[in-house]
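Novice: One structure is given below, represented as structure tokens, and several questions about it will come after.
In the UniProt record's numbering, the protein residues as written are 1 to 987.
This is the structure:
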């Protein structure tokens, strides 16, 4: 086993295709194809193909790791070949989990490699607290943490903040004790419900770097995760501005330094912000070292101010207040007046927005789940305990100050907590400043790591410059970007102006966490097995609704702006084509929807004509590497996607499923064929089956058993074999056509050439010609119509309908008018031309007709001798027009052509036709082909009826006849309906 822990690049040579050698260079997570190769084949697929049995001499590749976060493992020991096809992992999370598994196995990696891997990870941080910046440091202690030190105290430190000291008494003076308590409970409800969801998610697996971003992106998908992650980054960044302004306000008010010069608040705030960013850029470990010191200062300050106000209420201690300020019950009810600082009159919801940032910070514990001795117990207990403790502190402060301090005193001095501090006001003054600076340090330390976590996922291109320069480097660019963004809100000069913005961003992020847990719960994937059981999908859903509702009632227009920004970011990330296989809940949700839909379809009757759509199974010949032998067939299949049905590709390789080499070939060919389909803008399903003996039987079995329930192929698309004259090819092919017909599926037989346009080759002019000989349920009209609506044809292609008359007709003009009316009724636009071939000794239609006509009607069918034109011209016109299969144009429109004379016995005509010698039929085919070449030689595509196989004595006659029909035309699509109506006049 070889290990490249510090390798800057590894060159890998491997023969995966017989035609060329691929040279891949691995450099910092970038797999770059040097030569012209099939670039969509990832390195993981390459390694998998090598170990799975490719004949390359370079199959001894064992372990390749880039120095950031990618892992490719393929192991081969003396006993057997073991392939760890792990793919390209863009996050340390996946890599770490697999490395741990391999170490436990013992045969692949030893414990000494674990240390080298850990040292090469991003800062050694596996669970950074990015909600307010708590980082676990560059190395994690091997000792596991308990509930108190691992969850409760970190959450307490992050929740308690500057709002408690310099705004909560002011909020109480405006809203009163009752409404302020309601504000606290409304805010805490959102965090409590979110904590329940987080506890469930955190105890279902480790939450890695990125905190809530990690939770949402891995559960709701890369787009929603990236959008909300960026908003959360902005919220955390602007929160640092709030703390800096709080510290400056405490300095100015507490030490009488206000209004010393113009814009003094802004200048001091900018200077302090620069100092904080400089400290963080030196090293986050210095911030973490002081974290619990700052928490201790905050707790001491809270104890001193609550002691002071209690003594003040008992008339034992006055502090800086007078006896006149001691008024009992002066703030029980609300009393909204103008704020002298903002010059605005607050209301209930503006105060709610002002207070909300003081309840955030609940992620601090769940982000440390990997270092907890018992996450299932510690995270719920510690987080909810911290929420309850801080809620009790807030409510106690509200009722202590609101009940015993006058309303006038609370409104006049926003720093009134220092006036009643026992034993000295300086304790709380210093405590406020230190707690504010400490919180700002945590935000500036955590926000860049959140940005780095998003950037390292490489889902947002414009964040790539902010990825760390090396795996062990600090994200300094992200730090200084955070400093720049955080400096802008400080220019407001008052934290009251920026707290609503922070509130919106946090509420959206918490809403995302709740909805993530909700989807995980209702999808019921077997992998969702949280050890925390005290939650329900309804609590997560209620938490989502509560958070969104709070955002809207606080400021609906600000919420709309924030949500719009999220939608814009979502659209941007989606447009960049960021795809990550993170197993997000979207897959499980889609699985549930598909499962229920399939069950519902299974219980329903057959599709109504209005709902019928071509579910196409394309039988494609491929070479040994998986490349289609006839790309024009793949192009045609891709262009039929406007039917909005399933698009499936089926190919056969020679060999047995028991042969490992055949399995490796199937794996490679599947990847190649998927890529070829994507190059044609075709999104479908690829199936490559082995056939050890009879390929024809394998194909027919696959046709019968494709799909699931009612969601299976109803149309088979295949290519006309050019080598049908060789050996028994004609017999095998005709047998397969008969087998497909017996399965009641429609047939599309394409006799094409390289001149057929690629799916991405836009046709600005040209025609698609339809040669209508017999009616087949409408498929002959529907297929060209769908083609004309595809991206390839819709700009310039026009439809032309050539109605072939095989019997003498008295009134061609009326027949043409009737066909126009029919096209109008089925909403298909095409020109109509009548082609009279009634002079031939045998009708061209005889080879197109079944010997057992069957009714393909939807409801009550008119009698077979009642024509479409008769129905349309009748005073009691019906809405549905029913046709009989395999009727010719003149039969369908018989009465308009010669109402007094025509009554056709289709069966007797067919019986007579089958008795005609093959030469007569070939002369009829030649006559038809001459008309075809005369009218459609320049057409881009000709669509006509496929002759019926049972009308011929042997396969060679059938193939010869069919080939003669198409002679001289480059691209011909022969269509045979299944017997079901596929177009209708109904809306």
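Cβ coordinates follow ideal geometry from the N, Cα and C atoms, glycine included. All values derive from a computational prediction rather than experimental measurement.
Once you ignore the five residues that flank residue 978 on each side, which residues in its own chain have a CB closer than 6 Å to its CB?
Specialist: 744, 745 and 746.
Novice: Quick check: what's the CA-CA separation for residue 180 versus residue 313?
Specialist: If you take the alpha carbons of residue 180 and residue 313, they lie about 20 Å apart.
Novice: One question on the structure: do residue 241 and residue 486 come within less than 8 Å of each other, judged by their Cβ atoms?
Specialist: For residue 241 and residue 486, yes; Cβs fall inside 8 Å.
Novice: Since residue 146 and residue 373 should fall inside the 8 Å C-beta cutoff, what is the C-beta to C-beta distance between them, to a whole number of angstroms?
Specialist: Their Cβ separation, rounded to whole angstroms, is 6 Å, which keeps residue 146 and residue 373 in contact under 8 Å.
Novice: Apart from the five residues just before and just after residue 1005, which ones in its own chain have a Cβ nearer than 6 Å to its Cβ?
Specialist: Residue 1005 falls outside the range modelled here, since the chain spans only 1 to 987, and no answer is possible.
Novice: Residue range of the alpha helix (DSSP H) that residue 167 falls in?
Specialist: That residue, residue 167, is in no alpha helix (DSSP H); it is neither H nor E in DSSP.
Novice: Is the segment 934-943 touching the segment 694-712, taking contact as three or more C-beta pairs under 8 Å?
Specialist: In short, these stretches do not touch, since the Cβ pair count stays below three.
Novice: Rank 481, 687 and 258 by C-alpha distance to the C-alpha of residue 281 and give the top, closest one.
Specialist: Nearest C-alpha to residue 281: 481.
Novice: Can you list, in chain order, the stretches of the alpha helix (DSSP H) that have 4 or more residues and sit fully within the segment 670-723?
Specialist: DSSP runs (the alpha helix (DSSP H)) wholly in the segment 670-723: 695-705.
Novice: With a cut-off of 8 Å, do at least 3 Cβ pairs link the segment 426-434 to the segment 268-279?
Specialist: With the cut-off at 8 Å, the segment 426-434 and the segment 268-279 do not touch.
Novice: Check whether the Cβ atoms of residue 196 and residue 539 lie closer than 8 Å to each other.
Specialist: Yes, Cβ-Cβ distance for residue 196 and residue 539 is below 8 Å.
Novice: I'd like to know if the segment 215-223 and the segment 376-391 are in contact, where contact means that at least 3 CB-CB pairs between them fall below 8 Å.
Specialist: No contact exists between the segment 215-223 and the segment 376-391.
Novice: Please state if the CB of residue 779 and the CB of residue 972 are separated by a distance shorter than 8 Å.
Specialist: The answer is no: Cβ separation not under 8 Å.
Novice: In angstroms with no decimal places, state the Cα-to-Cα distance between residue 484 and residue 477.
Specialist: Using only the alpha carbons, I get a separation of about 11 Å.
Novice: For the beta strand (DSSP E) containing residue 575, name the first residue and the last one.
Specialist: That residue, residue 575, is in no beta strand (DSSP E); its alpha helix (DSSP H) goes 556-575.
Novice: If you run the structure through DSSP and keep just helix, strand and coil, what is residue 835?
Specialist: Three-state result, residue 835: strand.
Novice: Can you tell me the Cα-Cα spacing of residue 509 and residue 228, whole angstroms?
Specialist: Between residue 509 and residue 228, the C-alpha separation is close to 6 Å.
Novice: Is the CB-CB distance between residue 171 and residue 321 below 8 Å?
Specialist: Contact: no.
Novice: Should residue 930 be labelled buried (16 or more other beta-carbon atoms within 10 Å of its own) or exposed?
Specialist: When all chains shown are included, residue 930 counts as exposed.
Novice: What's the C-alpha gap between residue 61 and residue 194?
Specialist: Low confidence applies to residue 61: its pLDDT is 34, below 50, so where it sits in the model is not reliable enough to give any reading.
Novice: Please name the residue in 637, 155 and 597 whose C-alpha comes closest to that of residue 386.
Specialist: Cα-wise, what sits closest to residue 386 is 155.
Novice: Who pairs with residue 652 in a beta bridge, going by DSSP?
Specialist: Paired residue(s): 689.
Novice: For residue 781, which of 829, 403 and 762 has the nearest alpha-carbon?
Specialist: Per the Cα distances, 829.
Novice: Report the option in 696, 573 and 953 whose CA atom is closest to the CA atom of residue 458.
Specialist: Ranking the options by Cα distance to residue 458, first place goes to 573.
Novice: Helix or strand or just coil, what does DSSP make of residue 532?
Specialist: Here residue 532 sits in coil by DSSP.
Novice: Among residues of its own chain, excluding the 5 on either side of residue 107, which ones have a beta-carbon nearer than 6 Å to its beta-carbon?
Specialist: Low confidence applies here, because residue 107 scores a pLDDT of 43, under 50, leaving its location unreliable and the question unanswered by this model.
Novice: Along the chain, where does the beta strand (DSSP E) containing residue 945 start, and where does it finish?
Specialist: First-last of the beta strand (DSSP E) with residue 945: 941-945.
Novice: Note down, in chain order, each residue of its chain lying with its Cβ closer than 7 Å to the Cβ of residue 623, except the 5 sequence neighbours on either side.
Specialist: For residue 623, where only same-chain residues beyond five positions count, the Cβ hits under 7 Å are 629.
Novice: Okay, do the segment 353-365 and the segment 517-530 touch, 3+ Cβ pairs below 8 Å being the bar?
Specialist: Contact between the segment 353-365 and the segment 517-530 is absent, because fewer than three Cβ pairs lie under 8 Å.
Novice: Can you give the Cα-Cα distance for residue 967 and residue 591, rounded to whole angstroms?
Specialist: Computed Cα separation, rounded: 48 Å.
Novice: The beta strand (DSSP E) that contains residue 492, what's its start and end?
Specialist: That residue, residue 492, is in no beta strand (DSSP E); it is neither H nor E in DSSP.
Novice: Compute the Euclidean distance between the alpha carbons of residue 358 and residue 175, then round it to the nearest angstrom.
Specialist: Residue 358 and residue 175: Cα-Cα distance of roughly 17 Å.
Novice: First and last residue of the beta strand (DSSP E) that includes residue 827?
Specialist: Run containing residue 827: none; DSSP gives neither H nor E here.
Novice: Using the three-state DSSP reduction, which class does residue 742 fall into: helix, strand or coil?
Specialist: Note: residue 742 maps to helix in three-state DSSP.
Novice: Could you please give the first and the last residue of the uninterrupted beta strand (DSSP E) stretch that includes residue 264?
Specialist: Taken as a continuous stretch (DSSP letters only), residue 264 belongs to no beta strand (DSSP E), being part of the alpha helix (DSSP H) at 264-282.
Novice: Hey, quick one: how far does the alpha helix (DSSP H) through residue 386 stretch, first residue to last?
Specialist: Where residue 386 is concerned, the enclosing alpha helix (DSSP H) stretches over 375-404.
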